[in-house]
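For the sequence shown, this note's numbering gives the first residue as 1196, with consecutive numbering after it.
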Amino acid sequence: MHPTNDPTDTITVNGAMKYFTDIKVELEEITVLVICEALKSPTIGEFARDGFIDGWKALGAETLDKQRALVPRLRKSIQTDQALFKRVYRNTFLLARNPGQKAVALDTAIDYWNLFFRNSSGLIWNTAATPWLDWYIEYVQERWKKTVNRDMWNMTLEFVLKSTEDETLSWWEEAGAWPGVLDEFVHFVNEKREKAGKMEVE
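Shown next, in the form of structure tokens:
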């Protein structure tokens, strides 16, 4: 959906910034994306009238005071509700693309991965022996260097969930349905681990 030229049908970026301030949501927090998903925002920082009204109505918060009061619950829910987290994460791919593009620029994807997987309000992608997010960002910057399509975006989250449950990668299968970029990332991780093991021996 594209915003119309009628200002009564769209809340544009400036209006959205003021609105988030009014409901006490920081522009750099993941709650912005939760609200964008709930209100069917066509792009980051814009809201269509119907989506805005219907979205808040579905949440039972038709007034500004109710919306402000609901924010702490939305902030908490993204941490505790995995289905919501997945929905917001997948929707963010649509928001993060430049107009007319089918993929997300790598730098933009990295910014959002940092928001989703490093921020304490999201899901921390880091386990006892593996700095997953740091290694993933290092990998995509050094060896991938391409845009991020929808499959890579979605499957990155699935990989995050599996690797935080079992960092040994015992669940990994080379012939599985993972995209090639993640197959190569596993090799990258194994290289890192092998190198670290040799350093410990020395």
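We put the beta carbon where it would ideally sit given N, CA and C, even for glycine.
Everything numeric in this text was worked out from a predicted model, so none of it was measured.
- Below 8 Å, enough C-beta pairs join the stretch 1218 to 1235 and the stretch 1275 to 1295 to call them touching: three or more.
- For the 8 Å CB-CB criterion, residue 1310 and residue 1340 do not form a contact.
- DSSP places residue 1248 inside the alpha helix (DSSP H), whose first and last residues are 1244 to 1253.
- Fewer than three Cβ pairs drawn from the stretch 1321 to 1335 and the stretch 1256 to 1267 lie within less than 8 Å of each other, which leaves the two stretches out of contact.
- Looking only at 1227, 1221, 1244, the smallest Cα-Cα distance to residue 1287 is reached by 1227.
- For residue 1317, there is no enclosing alpha helix (DSSP H), as DSSP marks it with neither H nor E.
- The C-beta distance from residue 1284 to residue 1352 rounds to 5 Å, short enough to meet the 8 Å contact threshold.
- When secondary structure is reduced to three states using DSSP, residue 1299 falls in the strand class.
- Residue 1381 carries a helical assignment under DSSP once its states are collapsed to helix, strand and coil.
- Collapsing the DSSP output to three states places residue 1206 in a strand.
- Rounded to whole angstroms, the separation of the alpha carbons of residue 1318 and residue 1362 is 15 Å.
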